[in-house]
Ligand code: PXG
Ligand code: PLP
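In my numbering, the protein residues as written are 68 to 508.
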């Protein structure tokens with residue numbers, strides 16, 4: 068742009084915003100200008116209580132001193148180092164620390180920069196793993212209806228959200244989907260629902276249809292966050308594990324949201340006592356401060372690649388910024404903060420208080436369902452006739468005006484506050500939401 072055409076600081080035209088109603092936003096912008104611990108500061112100077120940990124990522128709250136300092140120091144010491152055929156010590160140290168808190172059996176870490184990249188990486192590793200073992204007919208990938216696995220072509224192919232798929236052509240070939248686990252009979256369940264373990268048996272149907280020897284992997288979110296907080300019924304994940312193991316199919320847990328303490332254990336795999344073959348994570352890995360994602364993989368998967376001449380590359384995959392020093396420094400300081408403050412298990416301590424507060428909204432106007440687990444909660448509202456999503460969006464805007472940040476997916480309100488939240492702040496968050504629901508009715 069020529070120098071004489073410098074845009075005014077408040078000119079909002081150039082930035083094409085992600086997953087946003089751009090024209091609506093730019094006509095009435097909601098701007099955040101600062102953050103600290105449980106709060107954002109809005110551009111009109113108000114304190115906004117963060118009910119969403121940013122976008123499910125700031126699990127330790129905002130502008131935490133250890134993380135801020137670590138990033139500051141790292142950027143002045145080793146800024147960028149090439150990621151291919153070269154290393155730097157922090158990347159190795161961080162991988163070991165992640166393995167330490169990961170479920171038993173997860174022994175290797177592949178770095179990337181986001182949840183979407185983690186998903187595409189895990190899917191590619193699954194395909195290449197079978198090929199490396201001479202089982203190269205296993206090319207089929209199985210996802211689930213209402214799953215969210217980011218926005219790469221792999222992720223939207225195995226994902227199950229129609230709007231994220233239908234605009235983008237034919238996607239990956241050879242993908243199929245399990246049914247989602249959201250059953251009406253589980254309405255208003257506190258914690259994990261009773262009904263629906265049998266839905267895992269649909270995998271047997273897909274095996275019978277396609278042949279086990281053509282299926283590489285199944286990917287699911289242990290708890291589906293993005294599509295409105297859908298819980299796994301009791302026994303469901305174990306059954307998926309049993310069926311995948313029986314047929315030599317890899318099981319991938321997408322823990323981009325559930326990773327790093329959201330359900331009261333470091334990973335959901337530990338919370339549910341079900342160990343997959345790979346775990347994808349991102350978001351809470353660096354407390355959202357610097358983009359970073361990772362795939363955790365079992366020794367069996369990793370070791371299958373470690374054959375052939377030693378001077379040859381084993382996996383033809385990686386990103387310019389895989390394991391970059393600043394991300395690694397942010398992640399190390401994040402893990403330190405989680406450990407010092409017991410945050411990876413704090414959701415388990417707060418779960419009861421959170422659950423009771425959330426379910427106090429059950430008789431509020433238009434509330435159809437309430438779901439919770441760990442420090443996640445959803446309040447599903449009945450849609451306005453002929454205008455799905457309108458009520459949800461209206462509540463979101465009113466909540467922001469009332470001083471709380473929530474997230475809406477259609478008419479489902481999702482909340483996932485930083486794990487440092489106090490009981491008083493839980494009461495404030497839910498109390499304010501209750502007021503907003505009543506006033507909007
Ligand atoms: N997998 C899962 C399970 C996710 O939740 C991704 C992959 C993709 O991660 P990246 O870093 O590429 O965005 C996610 C991300 C929402 C919301 O409103 C959820 C996500 C992202 C943005 C909004 O629920 N999840
Ligand atoms: N496009 C071009 C032209 C590139 O040279 C590269 C990386 O070198 C990429 C895309 C991929 O970028 P990244 O490694 O950051 O994913």
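Cβ coordinates follow ideal geometry from the N, Cα and C atoms, glycine included. A quick note: this is a predicted structure, and the numbers were derived from the prediction, not measured.
For this session: For the stretch 167-201, list the beta strand (DSSP E) runs that are entirely contained and at least 3 residues long, ordered along the chain.
Result: 173-179
For this session: Quick one: grab the DSSP three-state call for residue 68.
Result: With a pLDDT of 48 at residue 68, under the threshold of 50, the modelled position of this residue cannot be trusted; read the value that follows with caution. In the structure shown, residue 68 sits in coil (DSSP, three-state: anything other than H, G, I, E or B).
Exercise. Do residue 207 and residue 241 have their CB atoms nearer than 8 angstroms?
Worked result: yes
Problem set entry | Rounded C-alpha distance that separates residue 335 from residue 78 | 43 angstroms
For this session: Could you tell me the distance, in whole angstroms, from the CA atom of residue 128 to the CA atom of residue 112?
Result: 19 angstroms
Problem set entry | Beta-carbon contacts of residue 415 that lie in its chain and below 6 angstroms, excluding the five residues immediately before and after | 331
Exercise. Shortest alpha-carbon distance to residue 400 belongs to which of 148, 151 and 160?
Worked result: 160
Exercise. If you draw a straight line from the alpha carbon of residue 411 to that of residue 169, how long is it in whole angstroms?
Worked result: 11 angstroms
Problem set entry | residue 216 Cβ short of 7 angstroms to the ligand PXG heavy atom set | yes
Problem set entry | residue 307 (DSSP reduced to helix, strand or coil) | helix
For this session: Could you work out which residue in 444, 495 and 458 is closest to residue 53 when comparing CA atoms only?
Result: The displayed coordinates of the chain run from 68 to 508. Any statement about residue 53 would go beyond what the structure contains.
Exercise. Do residue 290 and residue 256 come within 8 angstroms of each other at the CB atom, strictly closer than that value?
Worked result: no
For this session: Starting from residue 113, trace the beta strand (DSSP E) both ways and give me its first and last residue.
Result: Note, residue 113: premise wrong, no beta strand (DSSP E); not H, not E.
For this session: Please go through the same chain and pick out, in chain order, the residues whose beta-carbon is closer than 6 angstroms to the beta-carbon of residue 333, but skip the five residues on each side of it.
Result: 168 and 411
Exercise. How is the beta strand (DSSP E) around residue 497 delimited, first residue to last?
Worked result: Per DSSP, residue 497 belongs to no beta strand (DSSP E); it is in the alpha helix (DSSP H), 490-507.
Problem set entry | Neighbourhood of residue 459 by C-beta distance below 7 angstroms, restricted to the same chain and skipping five residues each side | 448, 475, 477, 478, 479 and 480
For this session: Check whether the Cβ of residue 118 sits closer than 7 angstroms to any heavy atom of the ligand PXG, and report yes or no.
Result: no
For this session: Please classify residue 158: does DSSP put it in a helix, a strand, or coil?
Result: helix
Problem set entry | beta-carbon residue 324 near the ligand PXG non-hydrogen atom, thresh 7 angstroms | yes
For this session: Leaving aside the five residues before and after residue 80 along the sequence, list all residues of the same chain whose C-beta is less than 7 angstroms from its C-beta, in chain order.
Result: none
For this session: For the stretch 178-193 and the stretch 425-439, state whether three or more C-beta atom pairs, one from each stretch, are separated by less than 8 angstroms.
Result: no
Exercise. CB of residue 211 to nearest heavy atom of the ligand PXG: below 7 angstroms?
Worked result: no
For this session: Could you tell me which uninterrupted alpha helix (DSSP H) segments, each at least 4 residues in length, are contained entirely in the stretch 234-286, listed from first to last along the chain?
Result: 269-277
Exercise. Could you give the distance in angstroms between the alpha-carbon of residue 311 and the alpha-carbon of residue 371?
Worked result: 18 angstroms
Problem set entry | Distance cut-off 7 angstroms: residue 447 Cβ against heavy atoms of the ligand PXG | no
Problem set entry | Beta-bridge partners of residue 102, as assigned by DSSP | 107
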